[in-house]
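Trainee: I am attaching a structure below and will ask some questions about it afterwards.
In structure tokens form, the structure reads like this:
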């Protein structure tokens, strides 16, 4: 391993190192670390020259190692034989290596009570053999990866006391072997996933001390969710509704969940609380009376705009027609009526036959309005044919 004097005989004889066929299979750092130590950077010599794929290490354990610091080596993701990594209660920093998603044989990963930061790697969904994942009491952020729903062997998931936010993934309902989930003491929002009641083996579910809202699903009862025996949801002040009535029974397995809410002075346990089903009914009735759906409101607004435009168009049209009629009448009065003539023909400029009239005093023949008036005197011969 790049250190002189180290042989299989003297290494395998150490109390905290286990070997098989002269190869190291387990390393327990607890008794080895008497002085402050730091996990080496596996990207520099001599560690970058190791053939990690050929290593046979199965366990790396150092619990409650206050003297161990550093970051998690991404290169460990190439040790295909790893089955357990337990480095809890140390002083480890940095991010969770996405490369560890290659550890398909890893069964237990315990990194709780460190100083780890960053987000939860979606790449870890490839850990097909992982049964226990412990990440509580760190400074992890980000959301819960829906991709983790493809971890078929996962049984125990503990991510409490971090800075995780966002909603609880309904997709995790596919974790059919899950027994315990602890997501308490985070910043989770949204509602409790009703789909989780279909998880046949889930018995412990801790959501307390978050920012969850909405109601406790009606399916979270012993009758519908028989595997659930320990449920904690206190210290979520934005939640509404009531606890399921069966929780109030001291013989019910979820009676402790009820008492924890009583101690929290939660409105969910008040005698005059409104059950979720009644709140939904009240909301539906309110929608029928005054609250309309978005589609209905949009339809009403669009229809109203079209109706207003149509009415304005008709008003403008009738006003224009009325104005044209007045203009025509005014023109007729100016040309015909002023001279004592009435006409039924349209008035036209330069029309010589536009109007004919008869003088009131003269009974002579009708003449054109454009002809010059002529003086005609009476003659004797007018009476002679």
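Residue numbers (the numbering used here): 204 to 588.
Each residue gets a CB set at the ideal place from its N, CA and C atoms; glycine is no exception.
Using 10 angstroms around the beta-carbon of residue 446, count the other beta-carbons present and answer buried if the total reaches 16, otherwise exposed.
Mentor: Buried, because 16 or more other Cβ atoms sit within 10 Å of the Cβ of residue 446.
Trainee: I'd like to know if the region 511 to 521 and the region 449 to 463 are in contact, where contact means that at least 3 CB-CB pairs between them fall below 8 Å.
Mentor: No, the region 511 to 521 is not in contact with the region 449 to 463.
Trainee: If you run the structure through DSSP and keep just helix, strand and coil, what is residue 433?
Mentor: Here residue 433 sits in strand by DSSP.
Trainee: Measuring CB to CB, does residue 379 end up less than 8 Å from residue 351?
Mentor: No; because the gap between Cβ atoms is not below 8 Å, this pair is not in contact.
Trainee: Per DSSP, residue 288 forms a beta bridge with which residues?
Mentor: Residue 288 pairs with 263, 312.
Trainee: Per DSSP, what kind of secondary structure is residue 376 in: helix, strand or coil?
Mentor: DSSP places residue 376 in helix when its eight states are reduced to three.
Trainee: Identify whether residue 385 lies in helix, strand or coil by the three-state DSSP scheme.
Mentor: In the structure shown, residue 385 sits in a strand (DSSP, three-state: E or B).
Trainee: Excluding the 5 residues preceding and the 5 following residue 369 in the sequence, name in chain order all residues of the same chain whose CB lies nearer than 6 Å to its CB.
Mentor: Taken in chain order, the residues that qualify are 346.
Trainee: Identify, in the order they occur along the chain, each residue of the same chain with its Cβ nearer than 8 Å to the Cβ of residue 390, setting aside the five sequence neighbours on each side.
Mentor: 366, 367, 368, 413, 414, listed in sequence order.
Trainee: Measure the CB-CB distance between residue 273 and residue 309 and report whether it falls below 8 Å.
Mentor: No, the pair does not count as a contact, with Cβ atoms beyond the cut-off.
Trainee: Start and end of the beta strand (DSSP E) containing residue 320?
Mentor: Its beta strand (DSSP E) spans residues 318 to 320.
Trainee: Within this structure, are the beta carbons of residue 319 and residue 341 separated by less than 8 Å?
Mentor: Yes, the pair counts as a contact, with Cβ atoms nearer than the cut-off.
Trainee: Buried or exposed for residue 384, going by 16 or more other Cβ atoms inside 10 Å?
Mentor: By the neighbour-count rule (16 or more Cβ atoms within 10 Å), residue 384 is buried.
Trainee: Contact defined as beta carbons within less than 8 Å: I believe residue 419 pairs with residue 395. What is the distance between those atoms, to the nearest angstrom?
Mentor: With a Cβ gap of about 6 Å, residue 419 and residue 395 count as contacting.
Trainee: On the criterion of 16 or more Cβ atoms from any shown chain inside 10 Å, does residue 507 qualify as buried, or is it exposed?
Mentor: Under this definition residue 507 is an exposed residue.
Trainee: Under a three-way DSSP split, which group does residue 241 fall into?
Mentor: Correct three-state label for residue 241: strand.
Trainee: Return the first residue and the last residue of the beta strand (DSSP E) that residue 334 is part of.
Mentor: It is not in any beta strand (DSSP E) - residue 334 carries neither H nor E in the DSSP assignment.
Trainee: Do residue 406 and residue 437 come within 8 Å of each other at the CB atom, strictly closer than that value?
Mentor: Contact: no.
Trainee: Just the C-alpha distance for residue 299 and residue 376, rounded to the nearest angstrom, thanks.
Mentor: If you take the alpha carbons of residue 299 and residue 376, they lie about 24 Å apart.
Trainee: Smallest Cα separation from residue 244: which of 277, 264, 266, 265?
Mentor: Of the candidates 277, 264, 266, 265, the one whose C-alpha sits nearest the C-alpha of residue 244 is 277.
Trainee: If you drop the 5 nearest sequence neighbours on each side, which residues of the same chain put their C-beta closer than 7 Å to that of residue 353?
Mentor: Once the five neighbours on either side are set aside, the close Cβ partners of residue 353 are 328.
Trainee: Please classify residue 444: does DSSP put it in a helix, a strand, or coil?
Mentor: Note: residue 444 maps to coil in three-state DSSP.
Trainee: Quick check on residue 421: does DSSP put it in helix, strand or coil?
Mentor: DSSP places residue 421 in coil when its eight states are reduced to three.
Trainee: So what does DSSP say about residue 506, is it helix, strand or coil?
Mentor: Residue 506: helix per DSSP, three-state reduction.
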